Amino acid sequence: MFCVVFWNIGGKSPQSGIVRLITALQRQEDADVIALAECSEGVIGSLLRALNPKSQTWEWIQTQSRVSVLVRGPQSAITEINNHEYYSILAVQRPQHIRLLIGVAHIISRVYHEFDDVDEEIKALADSIRDAEVQVGHTNTVLLGDLNANPFAQGVVTARGLHAVMPRAVAMQGGRQVLHRVYSYFFNPMWKFFGDGTTSPPGTCYYAPEGSHRAFHWNMYDQVLIRPGLLPYYANDSVQIVHTLGTNSLTKANWIPDRDVGSDHLPIRIRLSC
Amino acid sequence: MPTAPMLDLWPDDLVGGPVPSSPIGVLRQQGEALGARTHNFVHGEVQTSDSGDGKRFTHFLMLVAPFLRLRRALLKVTQGLEPYPATVVETELTKEPNQNEWSRDVNNERELQDCLREFFNEPRVKQFVRTVINLSNDVVGPENGNA
Numbered sequence: 001m002f003c004v005v006f007w008n009i010g011g012k013s014p015q016s017g018i019v020r021l022i023t024a025l026q027r028q029e030d031a032d033v034i035a036l037a038e039c040s041e042g043v044i045g046s047l048l049r050a051l052n053p054k055s056q057t058w059e060w061i062q063t064q065s066r067v068s069v070l071v072r073g074p075q076s077a078i079t080e081i082n083n084h085e086y087y088s089i090l091a092v093q094r095p096q097h098i099r100l101l102i103g104v105a106h107i108i109s110r111v112y113h114e115f116d117d118v119d120e121e122i123k124a125l126a127d128s129i130r131d132a133e134v135q136v137g138h139t140n141t142v143l144l145g146d147l148n149a150n151p152f153a154q155g156v157v158t159a160r161g162l163h164a165v166m167p168r169a170v171a172m173q174g175g176r177q178v179l180h181r182v183y184s185y186f187f188n189p190m191w192k193f194f195g196d197g198t199t200s201p202p203g204t205c206y207y208a209p210e211g212s213h214r215a216f217h218w219n220m221y222d223q224v225l226i227r228p229g230l231l232p233y234y235a236n237d238s239v240q241i242v243h244t245l246g247t248n249s250l251t252k253a254n255w256i257p258d259r260d261v262g263s264d265h266l267p268i269r270i271r272l273s274c
Numbered sequence: 275m276p277t278a279p280m281l282d283l284w285p286d287d288l289v290g291g292p293v294p295s296s297p298i299g300v301l302r303q304q305g306e307a308l309g310a311r312t313h314n315f316v317h318g319e320v321q322t323s324d325s326g327d328g329k330r331f332t333h334f335l336m337l338v339a340p341f342l343r344l345r346r347a348l349l350k351v352t353q354g355l356e357p358y359p360a361t362v363v364e365t366e367l368t369k370e371p372n373q374n375e376w377s378r379d380v381n382n383e384r385e386l387q388d389c390l391r392e393f394f395n396e397p398r399v400k401q402f403v404r405t406v407i408n409l410s411n412d413v414v415g416p417e418n419g420n421a
């Protein structure tokens, strides 16, 4: 199994208890890679101490983006091969396992930018992923991050963007030709978490609408997307929105993320059998 | 999608069999040992280059301190096609002015280990590595303990 967790920790300080929660997240999910947004170096330092109490196992990958990445095992197995301020694309090579690409992203905030700006940045991310796939010669790619966009946003669904589709069967077709260009699909499992009556929160962050005509209340800004080449290693429970860590709930009433405990975003994880 | 088995034309005896710990293995181990002592605030990595004609290899033990954005070569080990003999040489990082570079020839793994122990205990080397560890610790406040 190979497990990656992503969490936008909302700028929490090392003294806030967030380090204990991230450590618990790693242990609960048995994560091999921890990707964090809005994370200070103080938190990284405290995390390294917590994750490496006696021996050297976890290392901080010095990404050139604003996403912090810690990895278990020899650092040389993971290399950042493409980056921008808003994302890093990491090549993963493990002995006796298939090669992987992991994209981790924290796209610009809707608080300060328009929908169109967010979509354009996501398209730039998609271009970088396609470039990285050409560079490494495979498309065993998984993307995790706070896209600051929902699964139905232009940048996420359009062919020139991430081209992420809801049905697995469609994604398995590999790609689609649009106006003489072929675009690979991503499978977007986050759609299944939408709606009432699910067994986990219907999004990863909640914003009270405050008078806007358009309001979703719940948003699925934190997403995991998977290329078709990795779907043989994917199961229906491979992707989860994490809302409890042991006996600690990360949410308050109605599953709304409890910033007093954790962050205003919930963590997400993917586990692949490869 | 699963792919067909890969055609492998490499000879069966290319890898495996009894091989003594090569300089690169010994250096990597020491890099990890430093990381284990510092929660990986400071650790060592090995960077290898060849001589161009494929007959000599040079391994640099890189001192890496991520919080300081510091990555410097601490030591250089040169070998031929066989792991030993090898030559261990300090770098500009610790070389004392107006003196020859610290250098040793080693003929086996044990001699290399003895040589590294001697170098790591040189006062100027200890002082530099200790300073890097202390600076890295400053990233996290004292209320969170020290590495």
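Chains as they are written, first to last, in the numbering used here: chain B, 1 to 274; chain G, 275 to 421. Just so you know, even glycine gets a beta-carbon here, dropped at the ideal spot from N, CA and C. Keep in mind the model is a prediction, meaning the values are calculated, not measured.
Exercise. Do three or more CB pairs link the stretch 256 to 274 of chain B to the stretch 217 to 227 of chain B at distances below 8 angstroms?
Worked result: yes
For this session: Report yes or no: is there a C-beta of chain B within less than 8 angstroms of the C-beta of H333(G)?
Result: no
Exercise. Hey, out of P232(B), V4(B), S184(B) and A169(B), whose CA is closest to V156(B)'s CA?
Worked result: S184(B)
Problem set entry | Span separating the alpha-carbon of M172(B) from that of V5(B) | 24 angstroms
Exercise. Could you give the residue range of the alpha helix (DSSP H) that holds I89(B)?
Worked result: Not the alpha helix (DSSP H): I89(B) falls in the beta strand (DSSP E), residues Y87 to V92.
Problem set entry | Rounded C-alpha distance that separates A159(B) from R49(B) | 43 angstroms
For this session: With a floor of 4 residues, list each alpha helix (DSSP H) that falls wholly inside the stretch 143 to 216 of chain B, ordered by position along the chain.
Result: Entirely contained in the stretch 143 to 216 of chain B, the alpha helix (DSSP H) runs reaching 4 residues are, in chain order, 154 to 157 and 168 to 171.
Exercise. Is D287(G) helix, strand or coil by DSSP?
Worked result: Three-state result, D287(G): helix.
Problem set entry | First through last residue of the alpha helix (DSSP H) which encompasses G299(G) | P297 to R311
Exercise. Any idea what DSSP makes of G45(B), helix, strand or coil?
Worked result: helix
For this session: Over the uninterrupted beta strand (DSSP E) stretch that includes S323(G), give me the two end residues.
Result: H317 to D324
Problem set entry | Beta-carbon proximity check, R271(B) vs C3(B), cutoff 8 angstroms | yes
Exercise. So what's D131(B) in DSSP terms, helix, strand or just coil?
Worked result: helix
Exercise. If we ignore side chains and look at the alpha-carbon of each, how far apart do R210(B) and N248(B) end up?
Worked result: First, the amino acid is wrong: residue 210(B) is Glu here, not Arg. If you take the alpha carbons of E210(B) and N248(B), they lie about 30 angstroms apart.
Problem set entry | CA-to-CA distance, R72(B) to S377(G), given in whole angstroms | Straight-line spacing of the CA atoms in S377(G) and R72(B) works out to 35 angstroms.
For this session: Using a cut-off of 8 angstroms between C-beta atoms, extract the partners of A310(G) located in chain B.
Result: N52, K54, S55 and Q56
Exercise. What residues in the stretch 339 to 355 of chain G bring their beta carbon closer than 8 angstroms to a beta carbon of chain B?
Worked result: P340, F341 and R343
Exercise. Taking 8 angstroms as the CB-CB limit, is L100(B) close to chain G?
Worked result: no
For this session: Using beta-carbon positions only, say whether A310(G) and S46(B) come within less than 8 angstroms of one another.
Result: no
Problem set entry | Through-space distance from A37(B) to S68(B), alpha-carbon basis | 6 angstroms
For this session: Enumerate in chain order the residues of its own chain whose CB-to-CB distance from R345(G) is below 7 angstroms, with the five nearest sequence positions on each side excluded.
Result: Counting only residues of its own chain and dropping the five nearest sequence neighbours on each side, R345(G) has a CB closer than 7 angstroms to the CB of M336 and V338.
Problem set entry | Continuous beta strand (DSSP E) stretch holding D379(G): start and end | Element bounds for D379(G): S377 to V380.
Exercise. So is R49(B) in contact with chain G if we call contact Cβ pairs under 8 angstroms?
Worked result: yes
Problem set entry | Amino acids of chain G, ordered along the chain, whose beta-carbon sits closer than 8 angstroms to that of Q62(B) | P340 and R343
Exercise. Does the beta carbon of F394(G) come closer than 8 angstroms to any beta carbon on chain B?
Worked result: no
Exercise. Near F341(G), which residues of its chain fall below 7 angstroms by C-beta distance, leaving aside the five closest residues on each side in sequence?
Worked result: F315, S410 and V413
Exercise. Going along the stretch 79 to 90 of chain B in order, which residues come within less than 9 angstroms of chain G, judged by CB to CB distance?
Worked result: none
For this session: Mind checking which residues open and close the alpha helix (DSSP H) that includes A24(B)?
Result: I18 to E29
For this session: Kindly indicate which residue of R130(B), L250(B), N254(B) and Q135(B) has the alpha-carbon position closest to the one of D196(B).
Result: N254(B)
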